[in-house]
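**Student:** Below are the structure tokens for one structure; questions will follow.
2 protein chains.
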Amino acid sequence: MRIGILGGGQLARMLALAAHPLGLKVKALDPSANACAAGVAPLVCASFDDPSALALFAQSSDVLTFDFENVPAAALNGLAPVCAIRPPLGALDVAQDRFQEKTLFRKLEIPTPSFQAISSAAELGQALAVLQDRAILKTRRLGYDGKGQIRVDRSSDPKRTWGLLAGAPAILEQLVAFDFEVSQLAVRSSSGETRFYLLFANIHRDGVLHLSYSPCDRADLSALAQRHVGALLEQLDYVGLLAVEFFVLKGTLLANEMAPRVHNSGHLTLEGNETSQFENHLRAIAGLPLGSTAARGFSMMLNHLGALPECADALKVDGAHWHDYAKTARPGRKVGHTTVNAPTRAVLQERAQRLGVDELPELWERLDGAAA
Amino acid sequence: MRIGILGGGQLARMLALAAHPLGLKVKALDPSANACAAGVAPLVCASFDDPSALALFAQSSDVLTFDFENVPAAALNGLAPVCAIRPPLGALDVAQDRFQEKTLFRKLEIPTPSFQAISSAAELGQALAVLQDRAILKTRRLGYDGKGQIRVDRSSDPKRTWGLLAGAPAILEQLVAFDFEVSQLAVRSSSGETRFYLLFANIHRDGVLHLSYSPCDRADLSALAQRHVGALLEQLDYVGLLAVEFFVLKGTLLANEMAPRVHNSGHLTLEGNETSQFENHLRAIAGLPLGSTAARGFSMMLNHLGALPECADALKVDGAHWHDYAKTARPGRKVGHTTVNAPTRAVLQERAQRLGVDELPELWERLDGAAA
Numbered sequence: 060m061r062i063g064i065l066g067g068g069q070l071a072r073m074l075a076l077a078a079h080p081l082g083l084k085v086k087a088l089d090p091s092a093n094a095c096a097a098g099v100a101p102l103v104c105a106s107f108d109d110p111s112a113l114a115l116f117a118q119s120s121d122v123l124t125f126d127f128e129n130v131p132a133a134a135l136n137g138l139a140p141v142c143a144i145r146p147p148l149g150a151l152d153v154a155q156d157r158f159q160e161k162t163l164f165r166k167l168e169i170p171t172p173s174f175q176a177i178s179s180a181a182e183l184g185q186a187l188a189v190l191q192d193r194a195i196l197k198t199r200r201l202g203y204d205g206k207g208q209i210r211v212d213r214s215s216d217p218k219r220t221w222g223l224l225a226g227a228p229a230i231l232e233q234l235v236a237f238d239f240e241v242s243q244l245a246v247r248s249s250s251g252e253t254r255f256y257l258l259f260a261n262i263h264r265d266g267v268l269h270l271s272y273s274p275c276d277r278a279d280l281s282a283l284a285q286r287h288v289g290a291l292l293e294q295l296d297y298v299g300l301l302a303v304e305f306f307v308l309k310g311t312l313l314a315n316e317m318a319p320r321v322h323n324s325g326h327l328t329l330e331g332n333e334t335s336q337f338e339n340h341l342r343a344i345a346g347l348p349l350g351s352t353a354a355r356g357f358s359m360m361l362n363h364l365g366a367l368p369e370c371a372d373a374l375k376v377d378g379a380h381w382h383d384y385a386k387t388a389r390p391g392r393k394v395g396h397t398t399v400n401a402p403t404r405a406v407l408q409e410r411a412q413r414l415g416v417d418e419l420p421e422l423w424e425r426l427d428g429a430a431a
Numbered sequence: 060m061r062i063g064i065l066g067g068g069q070l071a072r073m074l075a076l077a078a079h080p081l082g083l084k085v086k087a088l089d090p091s092a093n094a095c096a097a098g099v100a101p102l103v104c105a106s107f108d109d110p111s112a113l114a115l116f117a118q119s120s121d122v123l124t125f126d127f128e129n130v131p132a133a134a135l136n137g138l139a140p141v142c143a144i145r146p147p148l149g150a151l152d153v154a155q156d157r158f159q160e161k162t163l164f165r166k167l168e169i170p171t172p173s174f175q176a177i178s179s180a181a182e183l184g185q186a187l188a189v190l191q192d193r194a195i196l197k198t199r200r201l202g203y204d205g206k207g208q209i210r211v212d213r214s215s216d217p218k219r220t221w222g223l224l225a226g227a228p229a230i231l232e233q234l235v236a237f238d239f240e241v242s243q244l245a246v247r248s249s250s251g252e253t254r255f256y257l258l259f260a261n262i263h264r265d266g267v268l269h270l271s272y273s274p275c276d277r278a279d280l281s282a283l284a285q286r287h288v289g290a291l292l293e294q295l296d297y298v299g300l301l302a303v304e305f306f307v308l309k310g311t312l313l314a315n316e317m318a319p320r321v322h323n324s325g326h327l328t329l330e331g332n333e334t335s336q337f338e339n340h341l342r343a344i345a346g347l348p349l350g351s352t353a354a355r356g357f358s359m360m361l362n363h364l365g366a367l368p369e370c371a372d373a374l375k376v377d378g379a380h381w382h383d384y385a386k387t388a389r390p391g392r393k394v395g396h397t398t399v400n401a402p403t404r405a406v407l408q409e410r411a412q413r414l415g416v417d418e419l420p421e422l423w424e425r426l427d428g429a430a431a
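Taken in order, these protein sequences are the chains called R and X.
The first sequence begins at 60 in my numbering and counts up by one.
The second sequence begins at 60 in my numbering and counts up by one.
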């Protein structure tokens, strides 16, 4: 089976590495000839809004899937008769617009922070005037990793703030003082078979994922998250891996956003789970039976931004594995990650400290202490 | 770091898949343009005895390593000044000749079946005349997977038997009625750091590996195997992964043969151990710290010969993972394998049966019953 991946970044790279053992013939399409998937799969260099390039790519694929969910829907709409598109375009469409996404969450009775659409400086002014608390103004489209986001409060200048978004349609969201953040990853096959990973707890820095920990083994939160994400999978007739980020606040979950693709917080599944998110996404979209999502002990993932640290230093730590994305260094760029496995939390903490990670004990305190 | 692999078969393919996350730039050299590593790494198509092609390949590599240990030593001797060769040529040299190999085993006080070199029909006749038991005549060089092997006894016709080997120098070995077979895989870094996997128990069919099981958790046999393989690693100043096959007979080990490379019985380490044999071989030859060899529960590997069964049937079994070598089907050819992980022997047995494997209970009986 031929799998075409739209986008050739690290997600495509790790999908391709998982595709080869499954006997899937994988290729990627990316605007950059230097896209990092190129080293592990054939790369078609083309723009995401080049209809003839997309059509050719689709014609030589049995299934199209995504490393990048912001491929223009208009460019994709014509491809559905040519090959299967998994996850379905409806899921991409929803995920491309924060307002649509949160509106769907509410429709499915998935709690979210309070939010409203903002389409002008005047609307922003009205909203700020009645704001109870701090809030965050985000572009509805094309934001990721904290980009296109501005924190605001009642004293913010609506015209100046609106100007910073350059007139892009926006959403004003309540800023939640959450206890911690989790992500629920789930995978669904075309036959409707669904498997959930245990929750991962995530720590962000400057809007970008810094560290993920597994398992966030809280039966109360897992039950809520599985109910919410299960409802999304059904509603969207989803095929593939779906990630949903939640804020945890006093034992409840507030949905933040969803990603219709493999997810950075799931990179620890490469060594930390029986079947990685990459393998399970591919199994789902290729019509193969899904793999066990069971956790292998305790694990964490540390993102490397900008430039890679010394590989040999990381691998000195038992249970550590290295993931180099073969990218050139650039400030803030995700260039690789390290995963660490351990049989107990105590051993994981000792290993994490050797990698300079000291956030785990505080995270566990919040995780264990958050009242149901 | 640039790694050049001599040979582009499934071992090179799985090495390449493990090399990408480590940030190692890997390429393979193989006489066949269809070599199955080609899909995952650049392939140089050249003969193993083409000195100029080998020289070019070595010049563009920092380390040369092997998917195929029968590369003519003469072709490699000139390359040592050009780049590092790991494992060292001395190890290849020994492993290329069964008589040399068994002579080294004996020198290091590693027990073997009794053996003698045979270089003519007359010598074979003399040996057969005094034979106590059944024996096996093997070519000293270029035998693998049971090829170039003939079972003999006192009644065998020396001239006819010798003729079947077409005059190739041979070794006559005692045929051992062993209880079961195991392999000891070990990895050694250039600094002398050494890690041992737990023993794998192997079942062959028609001279070809059919099934491996891990862990063969027998402290008495592990201690012996680690002493023997540790002695070989030291003696050969070995860098990389070394596999040694042993016959188990009444709680003792008799060395059968060694492979100076990753080994078919170690394919289950892909999912069954904390660090796979492929990753650990690469870490060793690239000068990186070695990874934990700890077993993840109980696992088995089933070789697929000739043609692949239906992938979806295998993946219906929980804990199963699929490894397609991207080869065209051909009778007897190794075209892929399935690994299965399980938390207990009982669960492994239930999963194995769903894959049509019913050999495990008898293997465990022999394994547990073999007196120390």
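Beta carbons are placed, not taken as given, at the ideal position from N, Cα and C, and that holds for glycine.
If you're wondering where the values come from, they're calculated on a predicted model, not measured in any experiment.
Relative to the alpha-carbon of Glu461(X), which residue among Gln159(X), Ala150(X), Ile230(X) has its alpha-carbon at the smallest distance?
**Tutor:** The requested residue 461(X) is not part of the displayed model; chain X covers only 60 to 431.
**Student:** Is the CB-CB distance between Val211(X) and Ala194(X) below 8 Å?
**Tutor:** The residue given as residue 211(X) occupies position 152 in the second sequence. The residue given as residue 194(X) occupies position 135 in the second sequence. Taking 8 Å as the Cβ cut-off, Val211(X) and Ala194(X) qualify as a contacting pair.
**Student:** For Leu329(X) and Gly222(X), what's the separation of their Cα atoms in angstroms?
**Tutor:** The residue labelled residue 329(X) in the question sits at position 270 within the second sequence. The residue labelled residue 222(X) in the question sits at position 163 within the second sequence. So the alpha carbons of these two residues sit roughly 42 Å apart.
**Student:** What does a CB cutoff of less than 6 Å around Ala100(X) pick up in its chain, not counting 5 residues either side in sequence?
**Tutor:** For the purposes of this step, residue 100(X) is taken as residue 41 along the second sequence, with counting starting at 1. Result list for Ala100(X): Ala75, Val85, Lys86, Ala87, in chain order.
**Student:** Going along chain R, which residues have a C-beta under 9 Å from Lys309(X)?
**Tutor:** Here the question's residue 309(X) lines up with position 250 in the second sequence. Neighbours of Lys309(X) on chain R: none; closest Cβ ~35 Å, over 9 Å.
**Student:** Mind the definition here: the region 172-187 of chain R touches the region 329-342 of chain R only if three or more C-beta pairs lie below 8 Å; say whether that holds.
**Tutor:** no
**Student:** Can you tell me the Cβ-Cβ gap for Gly289(X) and Thr253(X), rounded? I've got them flagged as a contact below 8 Å.
**Tutor:** For this step, residue 289(X) is matched to residue 230 along the second sequence. For this step, residue 253(X) is matched to residue 194 along the second sequence. That belief holds up - the Cβ atoms of Gly289(X) and Thr253(X) are roughly 7 Å apart, short of 8 Å.
**Student:** For Phe468(X) and Val307(X), which I take to be in contact (beta-carbon distance under 8 Å), what is that distance rounded to the nearest angstrom?
**Tutor:** Lying before the first or after the last residue shown, residue 468(X) is absent from chain X, which here runs from 60 to 431.
**Student:** For Ala318(R) and Ala260(R), what's the separation of their Cα atoms in angstroms?
**Tutor:** Taking the first sequence and counting its residues from 1, the one referred to as residue 318(R) is at position 259. Taking the first sequence and counting its residues from 1, the one referred to as residue 260(R) is at position 201. Between Ala318(R) and Ala260(R), the C-alpha separation is close to 16 Å.
**Student:** Scan the region 89-142 of chain R and note each continuous beta strand (DSSP E) run of 3 residues or more that stays entirely inside, going in chain order.
**Tutor:** Taking 3 residues as the minimum length, the beta strand (DSSP E) runs contained wholly in the region 89-142 of chain R are 102-104, 122-125, in order along the chain.
**Student:** State the DSSP-derived secondary structure class of Pro274(R), mapped to helix, strand or coil.
**Tutor:** Translated into the one-based positions of the first sequence, residue 274(R) becomes position 215. In this structure, Pro274(R) counts as strand in the three-state DSSP scheme.
**Student:** Rounded to whole angstroms, what is the Cα-Cα separation between Leu65(X) and Thr124(R)?
**Tutor:** Position 6 of the second sequence holds residue 65(X). Position 65 of the first sequence holds residue 124(R). Cα to Cα, Leu65(X) sits roughly 35 Å from Thr124(R).
**Student:** Taking Ser324(X) and Ser242(X) to be in contact with their CB atoms under 8 Å, please state how far apart those CB atoms are, rounded to whole angstroms.
**Tutor:** Here the question's residue 324(X) lines up with position 265 in the second sequence. Here the question's residue 242(X) lines up with position 183 in the second sequence. Their Cβ separation, rounded to whole angstroms, is 4 Å, which keeps Ser324(X) and Ser242(X) in contact under 8 Å.
**Student:** Might you give, ordered along the chain, the residues of its own chain that have their beta carbon closer than 8 Å to the beta carbon of Ala388(R), omitting 5 neighbours on each side?
**Tutor:** Numbered from 1 along the first sequence, position 329 holds the residue referred to as residue 388(R). For Ala388(R), where only same-chain residues beyond five positions count, the Cβ hits under 8 Å are Gly365, Ala366, Leu367, Val394.
**Student:** Under 8 Å between C-beta atoms, does Ser351(X) make it to chain R?
**Tutor:** Sequence index remark: in the second sequence, residue 351(X) carries index 292 (1-based). Chain R, which has a Cβ nearer than 8 Å to the Cβ of Ser351(X), makes this yes.
**Student:** Where Gln159(R) and His322(R) are concerned, what is the direct C-alpha to C-alpha distance, given to the nearest angstrom?
**Tutor:** Position 100 of the first sequence, counted from the start, is the residue given in the question as residue 159(R). Position 263 of the first sequence, counted from the start, is the residue given in the question as residue 322(R). Cα to Cα, the separation comes out at about 20 Å.
**Student:** By the 7 Å beta-carbon criterion, what residues does the region 68-89 of chain R contribute toward chain X?
**Tutor:** Leu76, His79, Pro80, Leu81, Gly82
**Student:** Note down the Cα distance separating Leu426(R) from Asp276(R), rounded to an integer number of angstroms.
**Tutor:** Here residue 426(R) refers to the residue found at position 367 when the first sequence is read from its first residue. Here residue 276(R) refers to the residue found at position 217 when the first sequence is read from its first residue. Taking the straight line from one Cα to the other gives about 9 Å.
**Student:** Output needed for Leu280(R): all residues of its chain with C-beta closer than 7 Å, excluding positions within five of it in sequence on either side, in chain order.
**Tutor:** Looking up residue 280(R) in the first sequence gives position 221. When the five nearest sequence neighbours on each side are left out, the beta carbons in the same chain lying within less than 7 Å of the beta carbon of Leu280(R) are those of Val241, Leu258, Val307, Leu312, in order along the chain.
**Student:** Do we get a CB-CB distance below 8 Å when we pair Cys104(X) with the residues of chain R?
**Tutor:** Here residue 104(X) corresponds to residue number 45 of the second sequence, with the count starting at 1. For Cys104(X), the answer is no, since every Cβ of chain R falls outside 8 Å of its Cβ.
**Student:** Should Thr220(X) be labelled buried (16 or more other beta-carbon atoms within 10 Å of its own) or exposed?
**Tutor:** Along the second sequence, one-based indexing puts residue 220(X) at 161. The residue is buried, with at least 16 neighbouring Cβ atoms inside 10 Å.
**Student:** Sorted by chain position, which residues of the same chain lie with C-beta nearer than 6 Å to Ala71(R)'s C-beta, five sequence neighbours on each side aside?
**Tutor:** One-based indexing of the first sequence puts residue 71(R) at position 12. So the qualifying residues of the chain are Ile64, Ala87, Ala96, Asp126.
**Student:** Which residues in the same chain have their Cβ closer than 7 Å to the Cβ of Pro131(R), if we skip the five residues on either side of it in sequence?
**Tutor:** One-based indexing of the first sequence puts residue 131(R) at position 72. Excluding positions up to five away in sequence, the list reads Phe107, Asp108.
**Student:** Might you give, ordered along the chain, the residues of its own chain that have their beta carbon closer than 8 Å to the beta carbon of Ala92(R), omitting 5 neighbours on each side?
**Tutor:** Along the first sequence, read from residue 1 onward, the residue named residue 92(R) stands at position 33. Cβ within range, chain order: Leu102, Cys104.
**Student:** How is Asp383(R) classed by DSSP in three states: helix, strand or coil?
**Tutor:** For the purposes of this step, residue 383(R) is taken as residue 324 along the first sequence, with counting starting at 1. Of the three classes helix, strand and coil, the one that applies to Asp383(R) here is strand, per DSSP.
**Student:** DSSP puts Met360(X) in a beta bridge; with which residues?
**Tutor:** As a working mapping, residue 360(X) is identified with position 301 in the second sequence. DSSP lists Ser271(X), Thr398(X) as partners of Met360(X).
**Student:** So, under 8 Å CB-CB, Pro90(R) and Asp296(R) are touching, yes? Tell me the CB distance rounded to an integer number of Å.
**Tutor:** Looking up residue 90(R) in the first sequence gives position 31. Looking up residue 296(R) in the first sequence gives position 237. Wrong, their Cβ atoms sit about 30 Å apart, outside the cutoff.
**Student:** Express the C-alpha separation of Ala278(R) and Cys77(X) in angstroms, rounding to a whole number.
**Tutor:** Looking up residue 77(X) in the second sequence gives position 18. Looking up residue 278(R) in the first sequence gives position 219. Residue 77(X) is actually Ala in this sequence, not Cys. Using only the alpha carbons, I get a separation of about 35 Å.
**Student:** Which residues in chain R sit within 7 Å of Glu333(X), going by Cβ to Cβ distance?
**Tutor:** Working through the second sequence from its first residue, we reach residue 333(X) at position 274. Ordered by position in chain R, the residues that pass the 7 Å Cβ test against Glu333(X) are Gly378, Asn400.
**Student:** Tell me which residues share the same chain as Gly67(R) and place their Cβ nearer than 6 Å to its Cβ, disregarding the 5 neighbours each side in the sequence.
**Tutor:** In the first sequence, the residue the question calls residue 67(R) occupies position 8. Around Gly67(R): Ala87, Asp89, Ala94, Ala96, Leu102.
**Student:** Tell me which same chain residues have a C-beta within less than 7 Å of the C-beta of Gly378(R), skipping the five on either side of it?
**Tutor:** By 1-based counting over the first sequence, the position of residue 378(R) is 319. Val399, Asn400, Ala401, Arg410.
**Student:** On the DSSP bridge list, what partners appear for Arg247(X)?
**Tutor:** Against the second sequence, residue 247(X) aligns to sequence position 188. Looking at the DSSP assignment, Arg247(X) forms a beta bridge with Thr253(X), Gly299(X).
**Student:** I need the DSSP call for Arg61(R), collapsed to helix, strand or coil.
**Tutor:** To locate residue 61(R), count along the first sequence from 1; it is residue 2. The answer is strand: DSSP assigns Arg61(R) an E or B state.
**Student:** Comparing the C-beta of Leu123(R) with each C-beta of chain X, is any distance below 8 Å?
**Tutor:** Within the first sequence, residue 123(R) is the residue found at index 64, counting from 1. No, Leu123(R) does not count as interfacial toward chain X.
**Student:** Name the residues in the region 379-396 of chain X whose C-beta lies less than 9 Å from a C-beta of chain R; which are they?
**Tutor:** Ala379, His380, Trp381, His382, Asp383, Tyr384, Ala385, Gly395
**Student:** So, do the region 244-252 of chain R and the region 266-276 of chain R have three or more beta carbon pairs nearer to each other than 8 Å?
**Tutor:** no
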